[in-house]
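Residue numbers (my numbering), protein chains in the order written: chain A, 55 to 593; chain B, 55 to 593.
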């Protein structure tokens, strides 16, 4: 049981299938308790709970699941930890994004209304909902034609998973929903709104997924209305005009949610943040130049910087997007662990069996090289139609050799991202790794260190996203929304340092040569030397 | 039991692990009997029968196995068929090549002599013996430096498996053997010599594997002696100066071998032929422009032509090499079935399981393309250091899709060979497929027909090589060593026509586009656009 004088922050992390929550000591970041809660409806695919059929590639969620998770996780942590609710001084929330829903002016989701609950477009669209492909293509095409500069902040292209495509999808597919909704809101902001009574939207969601920027706002009205008449006004009126940096206080817990959870009414709640971005704070990072590599099924690279630069092929740069006073950069690889999973399936061999033999290989020994584009290239080529390639195969090539070549390819993809950032004036000083694959594979991290030729520190702590949310709760409690202030809290609550993987000189030097080969193939297939990959997709 | 008036020819096919034999009716090619005999020592690797250790990549054989096979197969066929030896009017022999041995002037193999039987270099070197890599590299290098034209007949490069590298290997590695031997002889010629008492060497072995040509003889003396002083004389004195086209009579069965086998003394024996080349005759081909595709673990493409042309990257063109009066062309793919076997192993899936699903795919549907260079490229790039490549991989790529892409790649490699021949003035009119893989996979032959956009006839008959040897026996019996005469015999003894695979227009048109992609990648990686494959081999 915690001492009476200690103070805690509650962090809630809303994932795709479930939510997790932690209670952290705000003085040192030590975890007092954690819990998780699976969503009842999970990802709604194929059909609505009412049986209405959904198109292919649709992925929806039920807002009731989010509310239930908030209630049950809060109660469960209070019970587990036996901490007095008075000692819980702040609440933070992170969420998948862009998960977005239409709501009434009081926040009631349209899918809760009896007249709309059988209308698919009334339901929240999960981040990975892929119904707005055409809308995204139109946006990218028209934006290029009209010379819209906002694209440059997103590496020249936006994704069908983002907010404006999803909004257009409703306007095109269900005008009655577009008409009926008063708000079109990121789930993360909606949840904060529900539990505080205050609508205070995050610059993180708006900046990374909504094409909004602190200086320029949303894209130009003329451009928006060229896409769809009325789009500019819809964005302003239903998405909003003011967005706040994570690290600000959004409001305080309202009476009804205090009663539902047992938490104290008036507990400060922070501005929400995207889950991946929360991991930066959870890892204790608040200094510019420290890049967090989240290596999971896909990879996300996040970096705070003092410099605003347009870096080609970077998924986004958002002022105040992660912490106030910084430019937050995001890049990504569309598949990492997914590639290894694919090969494990193709070869019928377990990760463990493959890795046991792969780790004994020397760099270059197999004679293989691969391009890591099994799910396209997100950064720095921003081309979803690129595909994977393996070269150097012989009759004696063995599965574990291919496996290692795939790991190496993802590391080279990461190096290309880091080098592109630096080349365009965004310094990358340190590398910090997190994520499921990073935690499970020491071989992978050593290969990454050797190929990137830099030390990589593995963050050992669990629940980094939820930890990051709790950090934002602590910052909200102290109400210190300035750069120095928030940095103090992040540092104080950072987890213990983990193992550092140091490049081995000999390996690094072989990989230097292999990386030159990777670059030549990368440019040949990726930048127009031979468009065979894109052409084969069109067959 | 065969009628008394019928006449038969005995064909013996000496393979790597065993020999096969057939008795064919010389009037119509119908098979009266067949038999096979496994060599006792098989491929001698690792160590000699005496226990003497052999270097890695060495592969030897025991001449006693060949003699035993001749005796046991002859006796077994006589017994099985109950044919009167008087009715067996000719004998033909085909053999793996270049399988070559040092012998005394009376033909006794040096490895039979007590003082040499523990000396590895005294033993016959099997075709796939890889001990003469350095010698072959020296030959290729010096020949290019000295502008030797003979290389052009072999696509610009000779193989370490061939006669001159193997001869140099002995001169360098065991001068006492080079000194002691009076003869250095292809196994096929040695066997004919043993059973007839006449040394009559074949233009097939000498032409395809010995760098000899009817017009030019062996390469220039100055060149040979620059490689190794005395090499020119050694070739002339110990390999020979006269070589005869298959289709000639080499001699007749001597008394001692008549006694050993039960065959009639004086039975005519034909000039020997290489096993792959025998298949052309066995398939009933004696017209120019009909290309035989032998599709097995690797592939061999053989063609009779009236035209002598230098075709880049073709393994060999030999006047009189297959039949008198024709130029015989040979090209090859270093791995075909071996690539499918590799993938079956890597994926842990059977050929049958892979093919069952692969045959349902449409051309181009998988979005994959591959380069078929798992064992290097023999024709038309003649580069053993090239390697395999697969491109178009995604997270949804399935094993059977890769399998089909590999089959398609080998077909495209074949098309490139056919097109190169035609481009350099050697017409290819018809395609006839043989070999284990061709027989087993209707899917493969349909893909080949679609990709080559020509009908392909499958030869259904078994034991094509042995059949071809029997055809040579029949020709020897009639002693008709002129073009028209041998063609008559080949046609008369040809097997029944097999199934013809006709290109499907729609598929052929899609493959036309895919083949353009193949060519672009072929040239980029194969002809210097990007030497990454060769560089990766050097790591």
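Every residue gets a Cβ at the ideal spot worked out from N, C-alpha and C, and that includes glycine.
Please read all numbers here as calculations on a predicted model, not as lab measurements.
Determine, using beta carbons only, whether residue i and residue j come nearer to each other than 8 Å.
i                      : j                      : result
residue 370 of chain B : residue 384 of chain B : yes
residue 267 of chain B : residue 207 of chain B : yes
residue 129 of chain B : residue 321 of chain B : no
residue 522 of chain B : residue 336 of chain B : yes
residue 557 of chain A : residue 513 of chain A : no
residue 334 of chain B : residue 258 of chain B : no
residue 592 of chain B : residue 583 of chain B : no
residue 238 of chain A : residue 292 of chain A : yes
residue 541 of chain A : residue 340 of chain A : yes
residue 331 of chain B : residue 391 of chain B : no
residue 326 of chain B : residue 246 of chain B : yes
residue 472 of chain A : residue 506 of chain A : yes
residue 196 of chain A : residue 281 of chain A : yes
residue 106 of chain A : residue 164 of chain A : no
residue 443 of chain B : residue 444 of chain A : yes
For chain A, is any of its Cβ atoms less than 8 Å away from the one on residue i?
i                      : result
residue 435 of chain B : no
residue 587 of chain B : yes
residue 389 of chain B : yes
residue 544 of chain B : no
residue 525 of chain B : no
residue 31 of chain B  : Any answer about residue 31 of chain B is impossible in this case: the structure gives chain B only from 55 up to 593.
residue 406 of chain B : no
residue 429 of chain B : yes
residue 591 of chain B : yes
residue 581 of chain B : no
residue 453 of chain B : yes
residue 262 of chain B : no
residue 97 of chain B  : no
Identify the residues that DSSP records as bridge partners of residue i: which are they?
i                      : result
residue 298 of chain B : B:256
residue 179 of chain B : B:114 and B:154
residue 372 of chain A : A:382
residue 423 of chain A : A:445
residue 348 of chain B : B:354 and B:488
residue 324 of chain A : A:303
residue 107 of chain B : B:101
residue 271 of chain A : A:267
residue 163 of chain B : B:157
For the alpha helix (DSSP H) holding residue i, just list the boundary residues, first then last.
i                      : result
residue 67 of chain A  : Residue 67 of chain A -> not in any alpha helix (DSSP H); beta strand (DSSP E) instead, spanning 62-68.
residue 218 of chain B : 217-227
residue 149 of chain B : No alpha helix (DSSP H) holds residue 149 of chain B; the beta strand (DSSP E) holding it covers 142-149.
residue 329 of chain A : 329-336
residue 406 of chain A : 405-412
residue 277 of chain B : 275-281
residue 589 of chain B : 586-591
residue 198 of chain B : 187-199
residue 207 of chain B : Note, residue 207 of chain B: premise wrong, no alpha helix (DSSP H); not H, not E.
residue 315 of chain B : 309-315
Within 8 Å of any Cβ in chain B, is that where the Cβ of residue i sits?
i                      : result
residue 392 of chain A : yes
residue 464 of chain A : no
residue 57 of chain A  : Its pLDDT being 48, under 50, residue 57 of chain A is placed unreliably by the model, and nothing is read from it.
residue 401 of chain A : yes
residue 507 of chain A : no
With hydrogens ignored, establish whether the beta-carbon of residue i is closer than 7 Å to any heavy atom of the ligand COA.
i                      : result
residue 465 of chain A : Looking at this structure, you won't find the ligand COA or any other ligand, since it has none at all.
Terminal residues of the continuous beta strand (DSSP E) containing residue i?
i                      : result
residue 288 of chain A : Premise fails: residue 288 of chain A lies in the alpha helix (DSSP H), 285-288, not in any beta strand (DSSP E).
residue 172 of chain B : From DSSP, residue 172 of chain B is part of no beta strand (DSSP E); its letter is neither H nor E.
residue 80 of chain A  : Here residue 80 of chain A belongs to no beta strand (DSSP E), and DSSP marks it neither H nor E.
residue 240 of chain A : 237-240
Is the CB of residue i under 8 Å away from at least one CB in chain C?
i                      : result
residue 423 of chain A : Annotation note: the requested chain C is absent from the structure, which comprises protein chains A and B.
Contiguous beta strand (DSSP E) assignments of at least 3 residues, all confined to the region 376-401 of chain B: The region 376-401 of chain B contains these whole beta strand (DSSP E) runs: 381-387.
3 or more residues per run - each beta strand (DSSP E) lying fully within the region 473-541 of chain B: Scanning the region 473-541 of chain B for uninterrupted beta strand (DSSP E) segments of 3 residues or longer gives 484-488 and 510-512, listed from N- to C-terminal end.
Whole alpha helix (DSSP H) elements within the region 549-582 of chain A, 4-residue minimum: Every alpha helix (DSSP H) stretch that sits fully inside the region 549-582 of chain A and reaches 4 residues is listed by chain position as 559-580.
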